[in-house]
Each structure stands twice: as C-alpha cells, then as structure tokens.
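Numbering (this note's numbering), first residue to last: 30 to 566.
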C-alpha cells in the first residue's frame, strides 16, 4: 500500500517555494485520497438507467468518487417496435455528454462504457452505439446476455466473502442468472424478464405478468441449483424493493449491501407489493416516483424465483455489472485479497495515528483472546483483524464522542465482504474501546444485529484495545514488546525492563477489566521476554 508520506511532492506542495505559478500548475494531491491507477470512470448504458460511476482507483475494494444516474428508459417499446425510442436516445446521449465532461473533470485515467440488453437488441442500436463512441472517444462494450450474467456474477464475487449461491441481475430489458460458488462462476443464462419488458409484454396486467414469469422460469436449469442456497439480488429495481422492506421493518442499519431477507418473508413481501396499490404501500415515500412503476414487476420476478428455486434467503448486492467489470481488470494478486481487510487497511491508512500500530494489534489481541479462553472461528478471526485495523479511526473526534462517531463510521462505511452482524461486531468493538464496557449510550438497535456470541467477542476485543492503547499511546513497536498470558488464575501482562515505567494504576485497572471477562485475576510482571506466549499456562 502506498505510504501517505509519499503522496505529496515537496516541489509542488503549497508550502514549498518555487517559480511563480508552479503551485497553480501542479496537480492537487489530497491527503484524504488514495492514489494508484485511476480514477476509473464507468458509464453503464442499461435498459432503464444510464449511470456514471467514477471510482477512486482500480483496487480490490473500490471507493466511489462520483456517482450519478438518469432513468432514460431505453428499453421502453423495444420488445414491440424493435427500436430505441427517440426521446430515450436523446435523453441518454445528453446524459452521456454530461458524464464525459464529469469524468474529465475527475481526471479519469480511463473511461469504460458498457451497454446491455436494449442497445444490443434494437435495430437502431448500432447507430446509438456509434454516437456514444463519438461522444466518449472510446469503444463501447456491448455485452451479450451471457456476458452480462458473467460480469454481474463477478460483481457478486467481488462484493461478498466466499459467496455460494445464485446471482440474479434484473435490468429493464432482461434477467440474468448464474451460479456463483467456490470463487468461480457457472454458465450464465438470460431471460426476457426485465422490468420494462415484462410490463410491456403483459400489457400492464399483473396477473398476465405473473403467468409470463412462471412460464419462463419454471424450467430454468440455473434455478434448479438454488435450493437451500442464497439468492444474490443485483439491480436497481430489486434494491428499491429491499429498501422498501427495510424501512417497513424499521431495520436499524440503512446499508443495502448484504441486506438479507429470509426467503419465506421475501415471498410474502413480493406478493403484497405485486398485488397492491404501489403508491399506498407503507413507507413508499422512501422510493423515488421514477422507480415505483417497475416495483410490482421486480416483485413478480423475485417471487417466481423464490417459488421455483426455493432459496434459503435473498441477499442484496450493491455491486453488479460495473464492479464486476473492474474486478475483471485486476491482476490475480489483487483479486485474491480479502475485500473487507483491504478496505479496513485503507481506512486505517487514512485515519489512524499509526497504521503500523493497528496492524500490530492482531497478534497482540490473539494472545489476549487465547488467554481468556475464548475460541474463534476463522471468520471471527478475520473480523477481528478488520476491527484491529479500524480501532483508531476516531481519534480526531472529541473524547466524549469518539465511541459514537467510530461506531457510526464503521457501521455505515462502504465496506464489502461483510454481513450486517459482522458490521455490528466491528462497530461495537471500536465503541467499547473508546467508551468502556458500558452500554448506557449505545443504541440497542445496533446490538440487535449481532448475535450474543459476537457481542461478547466484541466486548472482549474492546477491553483488549483499552489495555493496548494505554500502553502504546497508539504508537508502533510498543505492544510488540509486551506479552499477555494466562498463568494459573491470573491474566499476566509481561513488560520488558526497558518498558517497566509503563506499569501503573490505570494499566492495571484496565487489565483487571479485561481479565474479569475470563474469570481471571490480573497481574503485571516486569521481566525479559522469552518469546510470544499464548493460551492458558
């Protein structure tokens, strides 16, 4: 990872001397940005929406620099007329002209343009594509149905930790389904069930749309492999559907990625949305009026997928075609990275007093967890590693609010590769690190997201952080010189003679708080270190 200190060229820094006008001519290097190959702009020409997303750089956990869309409805009428409507074309081209200007203003290193169902199927699609290429100055990638499925599935691979299920991408013109498992994807299939196409094929009749969806999907060989596995829902209509469910339920975390709904609950919700008056639905105001028209058709398709495939749950993916395309551009080493750890490392580099110290915390807290007799699964160890990297991101806040601000940043961060209970664990560990092991000021709703097991591990980790930071003052190379071990009925903190002065009442008090979580007493010893010790003596 690029070091922060290398990001500012002293010859072009605003604080340096030089020829008059050199500062104005120099490119800005913002301390709050990470640099690499980028920015990368992706313009996605869908059958319903046309969107620009500019990503900060090409990496395993991409961050959005800019995001804008319009609903041009390119797919409207294509199923019946075979042509893109003139107004839709005009709207889309005007948007892309604006998007090109915005991408240039963001100093995008590359602009990628992707086009899907409507553009590839319409008779005037080639002329539309040619105009897109003239405006953007780049080749438009017109994806086939199978390619759409494959790239959307890559988005799911990019966004989830070891996904194992069926990914479905619902656009305006088509539905793509593909198997995702063991880091690989199967053969994608495309179906004529996009929201716009289905509504037009059914002439606006919900009953007829239900029959069409059933006829198309009942023999799907992809859905035959779905039983008992998650269904990963990709696409704006399904995200809107999930958002409505989230607000109706009063869910405490308004993060769409990895929002999960049990299949039976999702099926009943789809039935209500498809058969009811959309504008009178509870909390419908959280959905834009432009999106509401297609909600019943998205609900019909999702309901039929549930009935046919019998999944365990519906899991929403905020990543899809665009992120899948970027993922495909990565080299093998970058693809192999854990996206959660990569994102946590970035946030640590941008916000911690010492990123090296946060990296040292993992081994040190491993000793603490083992000494307390707490077992961890591999995924819990992974979450703890991320929590260590995030432990100091709130240090600039007022001391009274560091816990609350850290919790909010972590709970609502644009992380991928972590479910909502995992987010709650990460947020709680940082909260306890700042506020102590008290829940008085903590929203009970966040606690509800984590299991009892995860909550207890978050408390133990937060208590370990409190010892580590009072020893190290957040500086690197200190806690690596200390050891934690269980000896008899005591938790022992061993300090080398050179750091004996660190022992004190506040350290012992926090060590006792940590020890009580393992029903242990606490003791500080000053002695030469004899290697890293873990577990109960």
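Quick reminder that beta carbons are idealized off the backbone N, C-alpha and C, glycines included. Because the structure is a prediction, the values reported are computed rather than measured.
- Runs of the alpha helix (DSSP H) spanning 4 or more residues and lying entirely within the region 100 to 157 occur at 107 to 110, 115 to 134, 146 to 150, in chain order.
- Beta bridge pairing from DSSP links residue 96 with 82.
- Here the alpha carbon of residue 70 sits roughly 11 Å from the alpha carbon of residue 130.
- In the DSSP secondary-structure assignment, residue 554 is bridged to 523.
- Counting along the chain, the unbroken alpha helix (DSSP H) around residue 451 starts and ends at 449 to 464.
- When DSSP states are grouped into helix, strand and coil, residue 191 belongs to the coil group.
- Annotation: the continuous alpha helix (DSSP H) that includes residue 235 extends over 235 to 246.
- Contact between residue 287 and residue 141 fails: their C-beta atoms lie close to 25 Å from each other, not under 8 Å.
- Residue 259 sits in a strand when the DSSP states are folded into three classes.
- Residue 273 is a Cβ neighbour of residue 313, given a cutoff of 8 Å.
- Between the C-alpha atoms of residue 221 and residue 362 there is a straight-line separation of about 37 Å.
- With distances taken between CA atoms, residue 266 lies nearest to 316 out of 82, 230, 316.
- Closest option to residue 143, judged by alpha-carbon separation, among 65, 172, 134: 172.
- The alpha-carbon of residue 180 is positioned some 10 Å away from that of residue 217.
- When secondary structure is reduced to three states using DSSP, residue 432 falls in the helix class.
- Per the C-alpha coordinates, the member of 540, 369, 112 positioned closest to residue 150 is 112.
- For residue 364, no beta strand (DSSP E) run applies; the uninterrupted alpha helix (DSSP H) run containing it begins and ends at 361 to 364, by DSSP.
- In this structure, the straight-line span from the alpha carbon of residue 342 to that of residue 332 is close to 12 Å.
- Per DSSP, residue 484 is one residue of the alpha helix (DSSP H) stretching across 481 to 501.
- Scanning the region 323 to 379 from its first residue to its last, the whole alpha helix (DSSP H) runs of 4-plus residues come out as 324 to 338, 350 to 358, 361 to 364.
- Taking a C-beta distance under 8 Å as the contact criterion, residue 349 and residue 263 qualify as a contact pair.
- Residue 543 and residue 503 have their alpha carbons spaced roughly 19 Å apart.
- A residue is called buried once 16 or more other Cβ atoms fall within 10 Å of its Cβ, and residue 191, having fewer, is exposed.
- Residue 61 sits in coil when the DSSP states are folded into three classes, being neither helix nor strand.
- Secondary structure note for residue 301: it is in no beta strand (DSSP E), and the uninterrupted alpha helix (DSSP H) holding it is 292 to 304.
- Looking at the DSSP output, residue 220 sits in a beta bridge with 204.
- Counting along the chain, residue 72 sits inside the beta strand (DSSP E) bounded by residues 69 to 74.
- With contacts defined by Cβ atoms closer than 8 Å, residue 99 and residue 83 do not form a contacting pair.
- From the listed residues 196, 269, 164, the smallest Cα separation to residue 318 is found for 269.
- Taking C-alpha positions only, residue 87 is separated from residue 517 by approximately 51 Å.
- Proximity to residue 177 across 101, 114, 147, 116 peaks at 147, based on C-alpha coordinates.
- As computed with DSSP, residue 198 is found in a beta bridge with 205, 263.
- C-alpha of residue 277 to C-alpha of residue 311: approximately 6 Å in a straight line.
- With the rule of 3 Cβ pairs closer than 8 Å, the region 485 to 495 counts as touching the region 461 to 473.
- Judged by DSSP secondary structure, residue 171 falls within the beta strand (DSSP E) whose first and last residues are 169 to 171.
- Taking 8 Å as the cut-off, the Cβ atoms of residue 227 and residue 339 do not count as close.
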